[in-house]
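One structure below.
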Amino acid sequence: MHRKPKLTRRLAGGLAARPQLRIWTPPLAIQPRRPRRPPARRRLNRDPETKVPGEHCRSDELARIEAALFVSRQPLSTRRLAKLARLPDGTKARALLRDLRRLHDESGAAFRVEQIAGGFQLLTRPALGPWVRRLLATPPENRLSAAALETLAIVAYRQPVTRAEIEAIRGVGCEEMLRQLLERDFVAIGGRTEDLGRPHVYQTTNRFLQAFGLARIEDLPRLESAGAADAEPAPEISAAPPG
Numbered sequence: 157m158h159r160k161p162k163l164t165r166r167l168a169g170g171l172a173a174r175p176q177l178r179i180w181t182p183p184l185a186i187q188p189r190r191p192r193r194p195p196a197r198r199r200l201n202r203d204p205e206t207k208v209p210g211e212h213c214r215s216d217e218l219a220r221i222e223a224a225l226f227v228s229r230q231p232l233s234t235r236r237l238a239k240l241a242r243l244p245d246g247t248k249a250r251a252l253l254r255d256l257r258r259l260h261d262e263s264g265a266a267f268r269v270e271q272i273a274g275g276f277q278l279l280t281r282p283a284l285g286p287w288v289r290r291l292l293a294t295p296p297e298n299r300l301s302a303a304a305l306e307t308l309a310i311v312a313y314r315q316p317v318t319r320a321e322i323e324a325i326r327g328v329g330c331e332e333m334l335r336q337l338l339e340r341d342f343v344a345i346g347g348r349t350e351d352l353g354r355p356h357v358y359q360t361t362n363r364f365l366q367a368f369g370l371a372r373i374e375d376l377p378r379l380e381s382a383g384a385a386d387a388e389p390a391p392e393i394s395a396a397p398p399g
């Protein structure tokens, strides 16, 4: 902060023209000059509960919730947040999450609290998505192919589903696609069927919900027809390896 230089005092013209009066004074011992004390700062008697326009108050509890969300790479449940922020229970954490979302909305912050994959996470706003994607360009080796996305869409809408059922819908083998999706943690083996040979069934994971911005699998867009999963082209997304 730049301070304005002090203005020098100037003698007025009329004062300089006046005759000087010499007044005798008894000699006094010369005393060292006392340094000037800076003017006392005025204290603002403000009620701590009073909000200043444009000021967003954060309690210690709210700050701890925000810090936990900021450093976490995975969605956090209200129970986990309550434990990390030393709160009484998940109900208190949920109330603070609502307050935090409101503060972010009112201040126009770049982040927003989102309920996703069974928990809560601090995410950038959708409007900043194109800029963030340019900033954090995904390497080509981490991009899912169209065939892998088709396979993932079938698993998402038909789960639990066997490999034979997936191949019947796509019309081609999907062993390599399933292997890629398993490695990226988008799908997982959910058990076996009672059919002949007891084949594995596949289902989506929490990482899938997180990547597609879904709070739960029921939030998937509804399909108009049974064959829409393989009829509509899957959107192009970038998938980073699990870390």
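My numbering puts the first residue of the sequence shown at 157, with every later residue one more than the last. Using N, Cα and C, we set each Cβ at its ideal position, and we do this for glycine too.
Those residues which DSSP pairs with residue i across a bridge
i, result
"F276", "L232, Q271"
"I345", "Y358"
Rounded distance between the beta-carbons of residue j and residue i, thought under 8 Å
i, j, result
"L218", "L252", "5 Å"
"R257", "V269", "4 Å"
"I221", "A265", "About 14 Å separates the two Cβ atoms, so there is no contact after all."
"R314", "E323", "Not a contact, Cβ separation roughly 12 Å."
"H356", "I345", "5 Å"
"A302", "L337", "So it is not a contact: roughly 13 Å between Cβ atoms."
"I272", "P316", "In fact, because the Cβ distance is near 22 Å, the residues do not count as touching under 8 Å."
"D375", "T361", "15 Å between Cβ atoms; not a contact."
Spatial distance of residue i from residue j (CA atoms)
i, j, result
"P377", "R290", "27 Å"
"T234", "E306", "34 Å"
"L225", "L379", "33 Å"
"D245", "L237", "9 Å"
"R299", "V343", "16 Å"
"L243", "D216", "11 Å"
"R335", "R348", "17 Å"
"R363", "A371", "11 Å"
"L278", "F267", "6 Å"
"C330", "R254", "43 Å"
"Y358", "L284", "34 Å"
"M333", "D261", "40 Å"
"R229", "R326", "34 Å"
"A312", "Q366", "13 Å"
"L352", "A293", "46 Å"
Three-way DSSP call (helix, strand, coil) for residue i in this model
i, result
"V317", "strand"
"R340", "coil"
"R299", "strand"
"S140", "Summary: the structure shown does not reach residue 140, with the chain confined to residues 157 through 399, and so no result is reported for it."
"R174", "At R174, the pLDDT of 40 sits below 50, so the modelled position is not reliable; the number obtained from the coordinates is stated separately. In this structure, R174 counts as coil in the three-state DSSP scheme."
"P286", "helix"
"E332", "helix"
"E350", "coil"
"L376", "coil"
"D245", "coil"
"A371", "coil"
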